[in-house]
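Report on one structure; see the data block that follows.
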Amino acid sequence: QLQLQESGPGLVKPSETLSLTCTVSGGSISSSSSYWAWLRQPPGKGLEWIGTIYYSGSTYYNSSLKSRLTISVDTSKNQFSLNLGSVTAADTAVYYCGRLQKPGTFDYWGQGTLVTVSS
Amino acid sequence: QSALTQPASVSGSPGQSITISCTGTSSDVGSYNLVSWYQQYPGKAPKVMIYDVSKRPSGVSNRFSGSKSGNTASLTISGLQAEDEADYYCCSYAGSTTWVFGGGTKLTVL
Chain U
2 QLQLQESGPG LVKPSETLSL TCTVSGGSIS SSSSYWAWLR QPPGKGLEWI GTIYYSGSTY
62 YNSSLKSRLT ISVDTSKNQF SLNLGSVTAA DTAVYYCGRL QKPGTFDYWG QGTLVTVSS
Chain V
60 QSALTQPASV SGSPGQSITI SCTGTSSDVG SYNLVSWYQQ YPGKAPKVMI YDVSKRPSGV
120 SNRFSGSKSG NTASLTISGL QAEDEADYYC CSYAGSTTWV FGGGTKLTVL
């Protein structure tokens, strides 16, 4: 059974960089049929797709976040990561990592991790 | 990428059927048969209930069904049960390997 687990700081100061890692277990991140995604949900609000990465390193970003966003993959560790720079309170959210199974289903999700942006 | 439009809330009595709409544009819902629906309980991660407009993952009740007409996709839940009370989100491929979600619909079982 595939499992995903987010890890990283729960509190980030304004203007700093939010960094999270997703560890994939029970399957290979190098699967040709899968992309790997970051999504988020501000408190009391809806879901937002942040971006997606393929095991080869190809990345696809939400245009509204692109200028501040970097997603990377480490196939040797079966992990992928999120870096979001210059954060503000508007970036406070539960961040989820997930698998995007081709052609287009987010079929596995991590449990989510709350990241608060505050001084 | 603008969010897909869903009603903020819907309600129904046990045993009834309800339908949740998800309206997009000709650039997302209208152009691709890659609409999925997610159920989310408070404090939990979303779970896929419908994918590729109308396909059900293994283990999902056949009371859940999906359809699409033009720029609007729909999720129908028949034989409503108390356990169906949750938030529901639609999601569509929007081209160029990007994805857009709806704002979410809170389903209340009366």
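Top line first, the protein sequences correspond to chains U and V. Counting in my numbering, the final residue of the first sequence is number 120, and the numbers go up one at a time with none missing. Counting in my numbering, the final residue of the second sequence is number 169, and the numbers go up one at a time with none missing. All residues carry an ideal CB built from backbone N, CA and C; glycine is no exception. Values in this document were obtained by computation on a predicted structure and should not be read as measured data.
Proximity below 8 Å, CB of residue i to CB of residue j
{"i": "Q98(V)", "j": "C149(V)", "result": "no"}
{"i": "V159(V)", "j": "P73(V)", "result": "no"}
{"i": "V88(V)", "j": "I79(V)", "result": "no"}
{"i": "V116(U)", "j": "T89(U)", "result": "no"}
Proximity test, Cβ basis, 8 Å: residue i and chain V
{"i": "N63(U)", "result": "yes"}
{"i": "F107(U)", "result": "yes"}
{"i": "E7(U)", "result": "no"}
{"i": "P15(U)", "result": "no"}
Below-8 Å beta-carbon distance, residue i vs any chain U residue
{"i": "W96(V)", "result": "no"}
{"i": "T167(V)", "result": "no"}
{"i": "G162(V)", "result": "yes"}
{"i": "C81(V)", "result": "no"}
{"i": "V107(V)", "result": "yes"}
{"i": "V112(V)", "result": "no"}
The beta strand (DSSP E) enclosing residue i, as first and last residue numbers
{"i": "Y96(U)", "result": "94 to 102"}
{"i": "Q42(U)", "result": "35 to 42"}
{"i": "N84(U)", "result": "80 to 85"}
Inter-residue spacing [alpha-carbon to alpha-carbon] between residue i and residue j
{"i": "N84(U)", "j": "S8(U)", "result": "12 Å"}
{"i": "V94(V)", "j": "S77(U)", "result": "33 Å"}
{"i": "S87(U)", "j": "L66(U)", "result": "11 Å"}
{"i": "K106(V)", "j": "Y109(U)", "result": "8 Å"}
{"i": "G52(U)", "j": "I72(U)", "result": "7 Å"}
{"i": "K46(U)", "j": "T164(V)", "result": "11 Å"}
{"i": "S133(V)", "j": "K127(V)", "result": "6 Å"}
{"i": "G138(V)", "j": "S76(V)", "result": "6 Å"}
{"i": "G161(V)", "j": "E49(U)", "result": "9 Å"}
Expected contact under 8 Å - CB spacing of residue i and residue j to nearest Å
{"i": "G99(U)", "j": "Q6(U)", "result": "Not quite, the Cβ-Cβ distance comes to about 12 Å (not below 8 Å), so this is no contact."}
{"i": "S20(U)", "j": "L101(U)", "result": "So it is not a contact: roughly 21 Å between Cβ atoms."}
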